[in-house]
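Novice:
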Amino acid sequence: PNDPGFAPHALCAETAEAALSGLTASPKTLPAKLFYDPEGCRLFYRITELPEYYLTRTETGLLRTLGRSLIPEGFHSATLVEFGGSDEAKARYLLDQRDDHRRRLFATYVPIDVAASALEDMRFRLANSHPDLAVEPIVADFVGKLALPPLGRQRMGLFPGSTIGNLDPDVAVRFLASAREALGPGSWFLLGADLRKDPAILLPAYNDSAGVTAAFNLNLLCRLNREAAADFDLRHFRHAAVWNDALSRIEMHLIASRDQVVHVAGSVIPFAEGESIHTENSYKWTRRALVAMVAAAGWEPHRIWTDSEDLFGIFLLRH
Ligand code: AVI
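Read in order, the letters of the sequence shown are residues 2 to 320 in full-length UniProt numbering.
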């Protein structure tokens, strides 16, 4: 980004607090959820269209081809609950399905996300394209205690995009267990996860030649300049993506290219040359490890679909 974002804006206490707690820790970190301000959302959307970032197009290809076969037999007028669903693009592959009598398999869609305005836009789009679908958005962080309204007899959770990979395994198990409890007995869950593979494929997906992922990562610092009274000089930090084989994850870091001092919300944060801020993990699961994880959360794996190159998996789980 060219604009380092020094323009004075109101200090956002929540952003400043989250940033400071990570930047005063050792090693330094920043929470990945801070990526998704409006500029970060735009950059992430560009990532999903990059030639190196195979995840989105592979998952979408699977959803498009599998369509109705992703949905258990006997479903109709069911409820689809999407976790982190601020964009209905993937849910549409399920919401569009009808039975042989042209009845919708899903009558209700409950997207859960922190982005209230994105949920409102989505409600408007779906009112146009699916006037007979009940859309009941919930503004909440899906990785928290979830209280869902009564959901009807047939319920399915949807957690696409390999967002599961951005959660540490213990948090992922807790999330899956609480989603299971919230959806209740008899429910189903569709989970999209990026699979462990050759780092020669993984690394370019997080270090693309057009530099969009670098801009996405550096936008975190712009955001702190805008919202947390920080003065990061973006010329003195660079993006790095590394493969951690032992922990089976891509890590994103921002590396200080010289010794420097940065101010954040009134605190002084020193950086040594080469020091990193760890900004994101993206775990890559083998089928076997993922099955063990969902089982630890109480779900029973029912079916797994992957693409012909075994890049991405869609897992159907049963309560
Ligand atoms: C949202 N999430 C699944 C992305 C991923 O692949 O872990 C976020 C991302 N980070 C860098 N590129 C994309």
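Glycine residues also receive a C-beta, built at the ideal position from the N, C-alpha and C atoms.
Exposed or buried, F190, counting other C-beta atoms within 10 Å across all chains shown (16 or more means buried)?
Specialist: It is buried - the Cβ of F190 has at least 16 other Cβ atoms within 10 Å.
Novice: When the Cβ atoms of the region 283-292 are set against those of the region 159-177, are three or more pairs found closer than 8 Å?
Specialist: yes
Novice: Would the beta-carbon of Q98 fall within 9 Å of that of F84?
Specialist: no
Novice: In the structure shown, what three-state DSSP assignment does P73 receive?
Specialist: coil
Novice: Within the continuous beta strand (DSSP E) that includes A79, where are the two ends?
Specialist: A79 to F84
Novice: Heavy atom of ligand 1 less than 8 Å from the Cβ of L56, yes or no?
Specialist: yes
Novice: Would you tell me roughly how many angstroms separate the C-alpha atoms of P2 and A215, rounded to the nearest one?
Specialist: Low confidence applies to P2: its pLDDT is 43, below 50, so where it sits in the model is not reliable, and the reading given next is rough at best. Their backbone Cα atoms lie some 9 Å apart in a straight line.
Novice: Have a look at G193 and A116 and give me their C-alpha separation to the nearest angstrom.
Specialist: 21 Å
Novice: Between E281 and ligand 1, is there a pair consisting of the residue's CB and a ligand heavy atom that are separated by less than 8 Å?
Specialist: The answer is yes for E281.
Novice: For F76, which residues from the same chain have a beta carbon less than 6 Å from its beta carbon, with the 5 sequence-adjacent residues on both sides left out?
Specialist: L106 and Q155
Novice: Please say whether L31 and T280 have beta carbons closer to each other than 9 Å?
Specialist: Yes; because the gap between Cβ atoms is below 9 Å, this pair is in contact.
Novice: Less than 7 Å between C-beta atoms, sequence neighbours within five positions excluded: which residues of the same chain meet that for H264?
Specialist: A231 and D232
Novice: What span of residues does the beta strand (DSSP E) with T307 cover, start to end?
Specialist: E301 to T307
Novice: Output the boundary residues of the beta strand (DSSP E) element that contains P271.
Specialist: Annotation: the continuous beta strand (DSSP E) that includes P271 extends over S268 to F272.
Novice: Using the C-alpha atoms, what's the distance from D169 back to A14?
Specialist: 25 Å
Novice: If you draw a straight line from the alpha carbon of I72 to that of G41, how long is it in whole angstroms?
Specialist: In a straight line, the C-alpha of I72 is about 33 Å away from that of G41.
Novice: Starting from the C-beta of I315, find all residues in its chain whose C-beta is less than 6 Å away, skip the five residues before and the five after it, and write them out in chain order.
Specialist: So the list reads L63, G193 and W306, once near-sequence residues are dropped.
Novice: Taking 9 Å as the cut-off, decide whether the C-beta atoms of G145 and A180 are in contact.
Specialist: no
Novice: Going along the chain, which unbroken runs of the beta strand (DSSP E) with 3 or more residues stay wholly within the region 109-178?
Specialist: With a minimum length of 3 residues, the continuous beta strand (DSSP E) runs that stay inside the region 109-178 are 156-160.
Novice: Whole angstroms is fine: what's the gap from residue 322's alpha carbon to W300's?
Specialist: With the chain covering 2 to 320 only, the question about residue 322 has no answer from this structure.
Novice: Please report how far the alpha carbon of V295 lies from the alpha carbon of G185, in whole angstroms.
Specialist: 15 Å
Novice: Report the three-state DSSP secondary structure of N3 (helix, strand or coil).
Specialist: The predicted position of N3 is uncertain, since its pLDDT is 45 and thus under 50; no value can be drawn from it.
Novice: Taking C-alpha atoms, which residue in H237, D199, R126 and A211 lies nearest to T49?
Specialist: A211
Novice: Per DSSP, what kind of secondary structure is H237 in: helix, strand or coil?
Specialist: helix
Novice: With H, G and I counted as helix, E and B as strand and the rest as coil, what does DSSP make of G187?
Specialist: coil
Novice: If you draw a straight line from the C-alpha of A79 to the C-alpha of L235, how long is it?
Specialist: Going by the C-alpha atoms only, they are around 49 Å apart.
Novice: For G226, report the span of its alpha helix (DSSP H) as first-last.
Specialist: In the sequence under discussion, the amino acid at residue 226 is Asn, which differs from the Gly named in the question. Looking at the DSSP string, the run of the alpha helix (DSSP H) that includes N226 is V213 to E228.
Novice: Anyone know if the C-beta pair for H254 and S277 falls short of 9 Å?
Specialist: With respect to S277, H254 sits close: the two C-beta atoms are nearer than 9 Å.
Novice: Ordered along the chain, which non-local residues of its own chain (more than five positions away) have a Cβ less than 6 Å from that of S188?
Specialist: In its chain, beyond the 5 residues on either side, R156 and H320 have a beta carbon closer than 6 Å to the beta carbon of S188.
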